[in-house]
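Working notes, beginning with the structure itself.
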Amino acid sequence: MAARRSPRAGQRAQPEANAVRGEVSLTLGGVKYRLRPTSAAALAIEDELGGSMLALCQRAGAVALGYRELGVIAGAFIRAGAAPDDKLTANINNDVLADLIYAEGQVKVLGILSAVMANVVNGGYTPQGEPRAVTANG
Numbered sequence: 004m005a006a007r008r009s010p011r012a013g014q015r016a017q018p019e020a021n022a023v024r025g026e027v028s029l030t031l032g033g034v035k036y037r038l039r040p041t042s043a044a045a046l047a048i049e050d051e052l053g054g055s056m057l058a059l060c061q062r063a064g065a066v067a068l069g070y071r072e073l074g075v076i077a078g079a080f081i082r083a084g085a086a087p088d089d090k091l092t093a094n095i096n097n098d099v100l101a102d103l104i105y106a107e108g109q110v111k112v113l114g115i116l117s118a119v120m121a122n123v124v125n126g127g128y129t130p131q132g133e134p135r136a137v138t139a140n141g
């Protein structure tokens, strides 16, 4: 696994979350991050945690995800939401995020991450996280 840098308070702000894309904002350590539900983020989460996104959503609903798991989930969605020129955010460290989640509050962060995970499993987005066009048949 490549070395990942820690977030810094005061770093350049990310673009605002776009609810139409299923994006959500999460503030950790005084830094506001944009979380984006992309296929790459979902696959990275499943690969690292060894389960399906649907099973992880079920565990989130049962408040059964630990700090490490929340750090992995937050990290993948944060990296997906990073601006193209924001190398610091693109290389954020999951373990540091787990510590920041501990400081912010596990239940509060779990609620936010659950919203992004629900956007992934409910569909309606392209693999890049853009809304799919609605057809006459729905």
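Per our numbering, the sequence shown starts with residue 4, numbered consecutively.
Idealized CB from N, CA, C, for every residue including glycine.
Close beta carbons around residue i, own chain, < 7 Å, minus the five adjacent residues each side
i, result
"residue 39", "24, 26, 80, 83, 84 and 132"
"residue 41", "83, 130, 131 and 132"
"residue 105", "70"
Under 8 Å between C-beta atoms of residue i and residue j
i, j, result
"residue 57", "residue 109", "no"
"residue 116", "residue 77", "yes"
"residue 2", "residue 103", "No statement about residue 2 is possible, as the shown extent of the chain runs from 4 to 141 and does not include it."
Residue i - DSSP class collapsed to helix/strand/coil
i, result
"residue 92", "helix"
"residue 110", "helix"
"residue 8", "Low confidence applies to residue 8: its pLDDT is 44, below 50, so where it sits in the model is not reliable, and the reading given next is rough at best. Correct three-state label for residue 8: strand."
"residue 37", "strand"
"residue 68", "coil"
"residue 55", "coil"
Exposed unless 16 or more other CB atoms sit within 10 angstroms - verdict on residue i
i, result
"residue 97", "buried"
"residue 37", "buried"
Residue from the options whose Cα sits closest to the Cα of residue i
i, options, result
"residue 34", "46, 19, 70 and 88", "19"
"residue 60", "44, 31 and 122", "122"
"residue 22", "31, 43 and 119", "119"
Cβ neighbours of residue i in the same chain (closer than 8 Å, five flanking residues each side left out)
i, result
"residue 66", "110 and 113"
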